[in-house]
Amino acid sequence: MARKKIIAGNWKMNMTPSEAVELINTLKPLVKNDDVDVLLCVPAIDIIPAMEAAKGSNIMIGAENMYFEEKGAFTGEISPAMLADAGVKYVIIGHSERREYFAETDETVNKKVLKAFEHEITPIICCGETLTQREQGVTIDFIRQQIKIAFLNVTAEQASKAVIAYEPIWAIGTGKVATTEQAQEVCKAIRDCIAEIYDEATAAAIRIQYGGSVSAASAPELFAQADIDGGLVGGASLKADFGKIVCYNK
Ligand code: PEP
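For the sequence shown, position 194 matches number 197 in the working numbering, and the numbering has no gaps at all.
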């Protein structure tokens with residue numbers, strides 16, 4: 004069965020609740036594409052008003068992060084049960100900014116992935132190399148390590164529903180998009196790694212996004228690649244341009 008594309012926005016630390024409602028109202032008529040699952044991952048405080056604003060449209064609302072404990076003395080964190088109760092079906096896990104600024108590791112990513120599945124929330128698991136790693140020729144080794152640890156103790160059934168976002172760190176927010184060949188090469192290596200951990204059926208089912216300065220201009224070629232099943236979009240998801248990215252095949 005063909006994999007349905009999934010195009011997700013990552014708003015990062017942008018948009019107040021009222022700005023979120025306004026942007027969703029602008030985007031609603033622009034993102035109609037039945038070939039694509041459309042998702043906006045928004046700051047925690049925006050989730051509930053964003054859900055309300057997106058009602059009746061094809062926009063799903065996701066989270067940008069969650070903690071791996073159920074509840075308790077973790078001031079400032081948001082639990083998987085809170086997200087699930089708000090109707091969240093997708094959560095970004097292990098974005099490179101979380102790894103860099105909030106000390107997330109492959110191990111905490113794995114804990115969060117397991118916890119998200121426990122609550123029937125689909126994790127969008129981020130991986131990606133630095134410029135130095137690419138220049139030193141260790142990109143694939145590094146990403147295979149990230150994937151293997153992220154998927155520790157994840158069942159094949161769970162893995163087949165997961166989303167992986169390949170985001171070369173040097174391409175995030177820099178305007179430098181990986182070439183189509185670079186993006187496809189790594190996304191294929193990720194799929195091969197999933198086949199190695201699980202089996203061909205799981206590898207064929209899992210959806211792998213590319214992220215890193217995706218724009219309306221670069222989306223059509225990137226999303227046409229055999230192993231690229233959509234995108235994780237930062238900057239361009241804060242603008243009407245996101246509509247053009249979602250409708251990349253129209
Ligand atoms: C991201 O933050 O996931 C991202 C890919 O950002 P940008 O599209 O702005 O590079």
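Even for Gly, the Cβ is constructed at its ideal location relative to N, Cα and C.
For Ile-51, which residues from the same chain have a beta carbon less than 7 Å from its beta carbon, with the 5 sequence-adjacent residues on both sides left out? Residue numbering aside, residue 51 sits at position 48 when the sequence shown is read from its first letter. The answer, listed in chain order, is Ala-89.
What is the residue span of the beta strand (DSSP E) that Gln-69 lies within?
If you number the sequence shown from 1, residue 69 lands on position 66. First, the residue type needs correcting, since residue 69 is Met and not Gln in the sequence shown. Counting along the chain, Met-69 falls outside any beta strand (DSSP E), and DSSP gives it neither H nor E.
**Report entry** Residue ranges of each beta strand (DSSP E) within the region 198 to 249, 3 or longer
**Finding:** For the region 198 to 249, whole beta strand (DSSP E) runs of length 3 or above, ordered along the chain, are 210 to 214, 233 to 236.
| What residues are listed by DSSP as bridge partners for Gly-65? | What you label residue 65 is simply residue 62 of the sequence shown in a count that begins at 1. According to DSSP, Gly-65 bridges with Cys-44.
From Arg-137, Tyr-169, Cys-130, Glu-138, residue whose alpha carbon lies closest to that of Ile-152
In the sequence shown, residue 152 corresponds to position 149, counting from 1. Looking at the Cα atoms, Cys-130 is the closest of the given residues.
Report task. For the alpha helix (DSSP H) holding Asn-28, just list the boundary residues, first then last. Result -> Position 25 of the sequence shown, counted from the first residue, corresponds to residue 28. Run containing Asn-28: 20 to 30, per the alpha helix (DSSP H) assignment.
*Exposed or buried, Ile-96, counting other C-beta atoms within 10 Å across all chains shown (16 or more means buried)?*
Locating residue 96 in the sequence shown gives position 93, where the first residue counts as 1. Residue burial is scored here from C-beta neighbours: Ile-96 has at least 16 other C-beta atoms within 10 angstroms and is therefore classed as buried.
Task: Nonlocal neighbours in the same chain, by C-beta distance under 6 Å from Ile-172, ignoring five residues either side - done: For the purposes of this step, residue 172 is taken as the residue at position 169 of the sequence shown. Here the set comprises Ser-99, Gly-131, Thr-133.
Since Tyr-251 contacts Ile-211 with CB under 8 Å, what's their CB separation in whole angstroms?
Working through the sequence shown from its first residue, we reach residue 251 at position 248. Working through the sequence shown from its first residue, we reach residue 211 at position 208. Contact flag wrong, Cβ pair sits at about 16 Å.
* What are the boundary residues of the beta strand (DSSP E) that Val-166 is part of? -> Stepping through the sequence shown from its first residue, residue 166 is reached at position 163. Run containing Val-166: 166 to 169, per the beta strand (DSSP E) assignment.
Please tell me whether, using a cut-off of 8 Å, the distance from the CB of Gly-97 to the nearest non-hydrogen atom of the ligand PEP is below it. As a working note, residue 97 is residue 94 in the sequence shown. Incorrect: Gly-97 has no Cβ contact closer than 8 Å to the ligand PEP.
Proximity of Phe-154 and Ile-124 at Cβ, strictly below 9 Å: By one-based count along the sequence shown, residue 154 stands at place 151. By one-based count along the sequence shown, residue 124 stands at place 121. No. Outside cutoff.
Identity of the residue in Leu-42, Val-91, Pro-83, Ser-21 nearest Val-236 by Cα: As a position in the sequence shown, residue 236 is number 233, starting the count at 1. Measuring C-alpha to C-alpha distances from Val-236 to each of Leu-42, Val-91, Pro-83, Ser-21 identifies Leu-42 as the nearest.
- Ala-181 by DSSP, collapsed to three states: which one? In the sequence shown, residue 181 corresponds to position 178, counting from 1. Note: Ala-181 maps to coil in three-state DSSP.
Self-check item: Cut-off 6 Å between Cβ atoms - residues of its own chain near Glu-67, not counting five sequence neighbours on either side
Solution: Taking the first residue of the sequence shown as position 1, residue 67 is located at position 64. The residues are Cys-44, Ile-95.
Candidates Ala-220, Leu-30, Cys-196: which alpha carbon is nearest Ile-167's? Looking up residue 167 in the sequence shown gives position 164. Comparing Cα positions, the closest option is Cys-196.
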